[in-house]
Structure formats: C-alpha cells, structure tokens
C-alpha cells in the first residue's frame, strides 16, 4: 500500500520595509535608506527563495498614516513590486494585497492574471476589505463602508473575478497560423455579470493563467472574515498569541469548510510569528530589549489608538488602558481589536507594556529564542492542530530573514518538517493545492457548429 | 559663445504582441507562442535598450475584442509588465497606457510613483480616455461616456494625480535614526481635492519619485485631444500619413502651447512609423506584400468597422466604402476616424485596398524601404518641422525591432541625428525635459513651529 507523503509545513515571508518591529528602522542592522530601492526587495525575495519558502507577501493600505513620522515607509504598490520580483526569481510565490472595497473586479482580475503569466504561475491575492476612513477619503467617500457591507461587496467581487479568470477555456488558443485562427472564440466567453455591486460583461482580455486562478488568501479573523475565508480562501494569515488560541481558531475555521462543500485540506492556516533570534536565549532577549528601547512611545500610542478605535493621546504611559468600546462598534479590523484588548486585560498590562508587546508584530506573536527553540515552537503549533505553516515576520530586515533562512529552516528540514528542494513550479503546487479546473470544455461532437 | 547641443531625435519602441502588422503572427519570422511569456518582452526591451532608444511603450484597452480570433494577444496589463521589464533593464524609459475613464487617480498616481521608484526614474504615463462601449460594459456602465465628458474627467484626473505626486516635498524624508524621525510630516501634505469627478484627501502613500512626475504622454489627435496635449502632455504619439499632414499637425499643436504658458520645446511630437525593412527596396516591398497576403479579410473588416463607427460586414471587398458618419457623431477615437476616412477618399481605395493599407499600422504610416531610405524619411520629417522623433512600430517582432536597431539606428547616429550613448539616467533626461519642481519647500525660518 503506498504511504502518503509526510505532512510538511508551509512558510511565507511577510516583507515589510525595514522589518516588522516598529523600531527596526532605527536599529543598526537595518537599511531604511533602501526601502524605496527595488534591489533591496529583490535581495529579500532571493533570500526567501534560497530558504525554499513557499511565498513572499506584501500587505497594503490605501492611505498614508501619520506613522510615517516615526517609521520607515517604502510604499511600493504590491502588484507592481511583485512583478519586478518575479523577473529575478524562479520559484518563490508572490502574494499581493488588493482591497475589494476600492477597486474594480475587471482591473484586479486582469492584474493577477498578468502577474500569474509573468511569474509562470506564482501569483497569490490577499483579499482585504480595507478598514479606515482615511482610505475611503482617497476615493471620494466621506465615511468608510460598514463592515458587513464590505464583506458583501468582497464576496461579489471575488465571484466576478473567478468568472473572469474562467472566461477563457484552457484550450482556447489554437495558434493556427495556416488557417489564420489564433483563438477559438467559441471558447472565450462573456460573463454578463449583473449584481448588487458590479456589472461586468467580460470576457477578460488576458488568456487563462498558468494557475487558472491565483492562490486566494485572506487575513481577517472576525466572524465575517472567517465565513469569507471558509468559502473562498485557500490560505489564511492570522494573528494568534497562544497555542490554545491558535488551536481554537484552527478548529473553528476548518470546521466551517464543510458547509461550503470544501474539505479541511482545501485551506492552509498560517499564524504569524515574529522570530527574534539569538545564538542563546539571553542574546535573543537582549535583541528584543534593544528594539523595545528604540520604540518611539507616541508612535506606539498612535498605532494602539488605531487598533483600539480609541484616542489614547495624552494618557499616562504607565497607567492602565481606559474603558474600550465593544467589538460590534468597531468598523475597522475587528479581530485585531479583540486580540489586543484581550491581551491587555489578560496580562494586566500598562499602556507602555502593551506598546512594547505589540512593537514586534502589531498583535502577531513575538517569540525570542534560539533557532532550536524557535523550531520547537513552530513544530509544536504544527503538530498540535494550530497551524499548517507560518507567516514569518522578521523583526528586522534584511538580517532577520537571513537568520531565519540560515538557522531555523535547516533545523525544520532535519526534522522532516520542511522541504529540502522545490518540487513544484507554481505557488499552488508549493502549498499542495490543486489548479482550479475552470469552465468545462464543450466536447467537439456536442458543441454547436462553430464559425471558422 | 557656447554653442547649444545639436538637436537630436527621440525614438520610442511601441511593443505589440507579434508585431504591428495585423498578420505578423502568421509570418515565419514571428513567435506568437511567446506573447504571454515575460522573457519575450524582456528581450524586446533589451533590444530597444541596445539601440539606445528613449523608451518602450505599451498600448492598452480594457476589453477583449473579437479580433483575438484572428490576431495574437498577450494581454499583459502594462504597469505590471513594465515593472518586470524595469528589473532587467537599466536605461530604457517605460511608458504605460492607463485610462482616466475607468480608474481612480489615487491608484494611478500611486502605481506610476511605484514604477518610477522601481525603475529609478524611467516611468511614463500615456493618458487615454478609452473609446469603446465594450470597455464601459466591463465597469458597470451600459453606454460609453461622451467624448467631451471623458476629456473633462481626464483633466481633473491628471490634476489630482499631479497634486498627489507633489504631496510629498522632495526633502520630506529625514531618516533621523537618532531622534526617531523618519519623515518630516510638515512636508507631507493632504491635498483635499474636491471636484466634479473626484474627492481625494491625500497625501499619496509613496514618497515623491525620482522624476517628480512620470513623463506625461498623450496620443489622441482630436480637437479635445490636442487641447489636452497642449496643456498637460510632454510627449505626443500621433498618426500622420504624409509630410504635409505631419507638418500641419506639428505646427498646430506647438502653437497651442503658449496659451497654457508653455514653450514649444516643452513638448515632443512623435509620429508613428511602421518601417518595413529590406536590404533592397524590392526586398522590402516583397516583405510588405508577404504580410498583406497573410491578412485575414474578415479581421481587417472588423478593425475597419471599429475605426469608422460603421458596420462593414458583408460588403464586397472590391467595392468602395459606404457613406460614412461625420466626425462629430463618432464617440470613439475621432482623429483615427478622420484619418482613415480621408485616406480612403483621397486615394480612392476599395475596402480590400484600405484593409491592406491599414494592416501595417492601423492608420499609422507604413514605409517600406532600405535602412538608408528609412533614415532619409525620418530625417526629412525631423528637419522639416513634422517631428521631434518617432514612435517605431515594427511590423513584425522580434526581428523587425532588431533590424531597426541594427540597421537604421547606426545610420541616424552617423548623421549626428541620434545619441551614441545614454547621457541621462531618467526618461525625462532622455527626452531632454526637466524634472518638475513640486511644492516649494517652506524655508525653516518662515515655517510655522514644527512638532518634533
């Protein structure tokens, strides 16, 4: 009887300016002067590829926050940047964040089809609904669309995009020079979508990409977010602070898949982790402290005010948190609000302590330790039902990613937990996910007569 | 007295699938199986750079036309593709077409700022207003916006984009690690634009690019188009069939600049030319005939129906054109309509002859001859007030661009008409155009007290 291959974990490198720690850009190991330099990101992508990671990922927002005063910002638009990274890499997957609230499905479907062709099948789309009024105000709206409505729009948006990607059958291109027929237009279809939010005739003006659809990724963990993920997502980035929270999220989300006719194995769950590495535990903790000491409190306070939907300006840093609103009254990132509020309550943190705790990962788990200890943590979550892989958020870049790739990846490989070579070519293959079939091709015998 | 440098012509390579001739993909010298292969376009861009050309350019449309039945289509979204080309080139300018009718200025300004950073200052934007109802129907509209309204929206769109590019002063980034100040937020400004079409708060979420603004390019030659170009464009692509037409367009457009406070030298005019090259004139004409013989008449008829806003299906190919509408009743590309209608009338062409004449350049001038004769033509237009340079539309790719670069460029260089090395780094420098100053920096003494 053939044995099934061992279950292996998946690793995504979440790239972020000078690093995920909010004070990274002040640390001597970073290069904040390079965050608008393409070569910097090319080096990061190549490092991730050297480590055989599944993918790199870029977050995105559609407004400039005041935080640029105290944090380095490159600001590259993700799809444009990832195209430039595709040109200098061969295997690594390329996941871009694009909002469904401030875009049109025709443009978005097309750009991802383009990136998929450009990269030879390595495109992924992190679907977000955007969460701030500052973003709305860059698109002619005074108020931000309500959370539930944003998800309603997101669902229709993704459905239109899927129809567009499938508007070309895989074998539509005939390339018959002799007869002068490039494409069999009977295999290229209008979609004629008319819904509450969009009217799109189609077909797409790009042939079906190597992956059929880009990998669909999602990152919100609110109730709406989880339902959306259960229906559409193939990979989920999530922030979980403890193994128990991770297990409970994992179980909850996987259990929702069946309702949408999907198997548990159709979705990969990747909690974030910010690994602060040192050759000894003491060295790792010292680095963490160094970074904390470089934090600008007013930056931390502004970030925290945003996450909590509460203006904290002027409150004493060594005092407790004020009374907070309920999650239902938050119209931004609901799950992050709850995570942060819980963290402060559970551990009885002052504002200063909370800012320090959030500095490394904005709510994602920070772990300071040796490479061996870090691998232990990843293994524990992976084997105890809390993760299919991890979203690696290096506290400082480029060194933090180098360290992870050079020191942690080999341990995971020795333990048989991670690949020792790329066996697939596409992002879907890296994640062990199938290529969507698309529109079934009409058999020639059954097809209506074609114009030739 | 210092002498001013000799006037030199500018060359742009207009890249197009298997080539600009509509039957190119059927010709043995082309590689239509590679039009969705990034490496194909990378090779074309490198060829253009080997020839020291100013730029490469990608046209775009937001709908698939039936013409994919009889012509090869890659369909890459231009900005995504140009980013990937930026990664493998060093000097060549990168001009992408983006429509103002179906986009948002915040996205568009940001993508061009990104491309400008990614490419080290080589981004250009060909501003179009889109011309077809099929495009409108991919964006929830049943009818296409009227021509004049499209230009009204385009003007506001460009003004918002300029405000966004200038929302960061050039010296806003302080990168003061010691004090923890990355950007001087007093030098990053909201734009608070509220107009008839757009409301945009700003600032942009990308620092000001190497060029300040991308090069602004325009290609419509209608009355609205010329007025728009006179006000905003720094380079214009245009279709002119004869020296006299070229001279008259050149004079007309240049004369409009003063009304907008601009000098004649602030704008470069580049008529298109499709050079069909042969080592003898007879060989060039034979190649032209070969391509004509490969044309699919029903494709030509469909193209022509679109350009003339008139359904020509079923008309006898060897008969004359039917009665045509007036330009004022055309809501698509007005100037192309008039050019084609004039051409047919002037030369008394049958439909078949007109299709053959348009096959090489869709209304752009086709010239079949030796490299020497081609250089003569370019020199004549350049020295007789019809052009500042040319939009080179190779009839077949990749060979037609190789031939131009290897055979015509050296002649132009020997005649002192074209650069023998890149002397600038940015697209603006190639075209001899200044970097826009942006917002004047407020002198420290006069500035209101800053928060630090």
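Chains as they are written, first to last, in full-length UniProt numbering: chain A, 1 to 452; chain B, 1 to 452.
Beta carbons: idealized from backbone N, C-alpha and C, even for Gly.
- Task: Kindly say whether residue 184 of chain B, judged by its beta-carbon, lies nearer than 9 Å to any beta-carbon of chain A.
- Result: yes
- Mapping DSSP to helix, strand and coil, what is residue 447 of chain A? Because the pLDDT of residue 447 of chain A is 40, which lies under 50, any placement of that residue in the model is unreliable, and the number read from its coordinates should be weighed accordingly. Correct three-state label for residue 447 of chain A: coil.
- Message: Measuring CB atoms only, is the stretch 37 to 51 of chain A touching the stretch 184 to 193 of chain B, in the sense that at least three cross pairs come out at less than 8 Å?
- Response: no
- Item | For residue 308 of chain A, the nearest candidate out of A/107, A/329, A/253, A/271 (CA to CA) | A/329
- In chain order, what residues of the same chain lie with their CB nearer than 7 Å to the CB of residue 30 of chain A, ignoring the 5 residues before and after it? 18, 19, 24, 396, 397
- Item | Simplified DSSP assignment, three categories, for residue 436 of chain B | coil
- Query: For residue 362 of chain A, which option in A/55, A/243, A/393, A/399 has the closest C-alpha, if you only look at C-alpha atoms?
  - Reply: A/393
- Query: Which residues bound the beta strand (DSSP E) around residue 14 of chain B?
  - Reply: 10 to 15
- chain A contact for residue 117 of chain B (CB, 9 Å cutoff): yes
- Message: Here's the rule I'm using: 16 or more other beta-carbon atoms within 10 Å means buried, otherwise exposed. How should residue 11 of chain A be labelled?
- Response: buried
- Does the stretch 86 to 105 of chain A touch the stretch 89 to 97 of chain B, meaning 3 or more C-beta pairs lie closer than 8 Å? no
- Query: Is the beta carbon of residue 477 of chain A less than 9 Å from the beta carbon of residue 59 of chain A?
  - Reply: With chain A covering 1 to 452 only, the question about residue 477 of chain A has no answer from this structure.
- Return the residues of the stretch 79 to 90 of chain A that lie within a Cβ-Cβ distance of less than 9 Å from chain B, sorted by chain order. 79, 80, 81, 82, 83, 84, 85, 86, 87, 88
- Examine chain A for any beta-carbon lying closer than 9 Å to the beta-carbon of residue 19 of chain B, and answer yes or no. no
- Message: Using CA atoms only, rank isn't needed, just tell me which of A/149, A/429, A/436 is closest to residue 122 of chain A.
- Response: A/429
- Classify residue 452 of chain A as helix, strand or coil using the three-state DSSP reduction. The predicted model places residue 452 of chain A with a pLDDT of 33, which falls under 50 and marks its position as unreliable, so this point remains unresolved.
- Query: What first and last residue would you give for the alpha helix (DSSP H) that runs through residue 297 of chain B?
  - Reply: 297 to 308
- Which residues in the same chain have their Cβ closer than 8 Å to the Cβ of residue 405 of chain B, if we skip the five residues on either side of it in sequence? 47, 48, 50, 51, 53
- Run through DSSP, which three-state label would residue 239 of chain B get? coil
- Give the secondary structure of residue 117 of chain B by DSSP, where H, G and I count as helix, E and B as strand, and everything else as coil. helix
- Query: When the Cα atoms are used, what is the spatial distance from residue 457 of chain A to residue 171 of chain B?
  - Reply: Lying outside 1 to 452, the shown extent of chain A, residue 457 of chain A is not represented and no answer is given.
- Give the DSSP bridge partners of residue 454 of chain B, in chain order. Shown here, chain B extends from 1 to 452; a query on residue 454 of chain B therefore has no answer.
- Message: My parser needs the beta strand (DSSP E) runs of 3 or more residues fully inside the stretch 359 to 424 of chain A; what are they?
- Response: 365 to 369, 389 to 392
- Message: Check whether the stretch 96 to 107 of chain A and the stretch 280 to 299 of chain A touch, using three or more Cβ-Cβ pairs below 8 Å as the test.
- Response: no
- Message: What are the residues in the stretch 139 to 165 of chain B lying within 7 Å of chain A by C-beta distance?
- Response: 139, 140
- Message: Considering only heavy atoms of the ligand FMN, does any lie closer than 8 Å to the CB of residue 330 of chain B?
- Response: Looking at this structure, you won't find the ligand FMN or any other ligand, since it has none at all.
- Message: Taking the alpha helix (DSSP H) that residue 162 of chain A belongs to, which residues open and close that run?
- Response: 147 to 165
- Give me whichever residues DSSP pairs with residue 133 of chain A in a beta bridge. Looking at the DSSP assignment, residue 133 of chain A forms no beta bridge with any residue, so it has no partner.
- Give a yes or no on whether 9 Å exceeds the smallest Cβ distance from residue 447 of chain A to chain B. The pLDDT assigned to residue 447 of chain A is 40, lower than 50, so where the model puts this residue is not dependable, and the model offers no usable value.
- In angstroms with no decimal places, state the Cα-to-Cα distance between residue 445 of chain B and residue 143 of chain A. Low confidence applies here, because residue 445 of chain B scores a pLDDT of 44, under 50, leaving its location unreliable and the question unanswered by this model.
- Task: Check the Cβ-Cβ distances between residue 102 of chain B and every residue of chain A, and say whether any is below 9 Å.
- Result: yes
- Message: Tell me which residue opens and which closes the alpha helix (DSSP H) that residue 340 of chain B is part of.
- Response: 334 to 347
- Item | Stretch-stretch touch, CB-based, cutoff 8 Å, three pairs: the stretch 192 to 204 of chain A with the stretch 151 to 159 of chain A | yes
- Determine the direct distance from the alpha carbon of residue 415 of chain A to that of residue 176 of chain B, and round the result to whole angstroms. 44 Å
- Quick one: is residue 125 of chain A near chain B, going by C-beta distance under 9 Å? no
- Task: Determine, using beta carbons only, whether residue 192 of chain A and residue 272 of chain A come nearer to each other than 9 Å.
- Result: no
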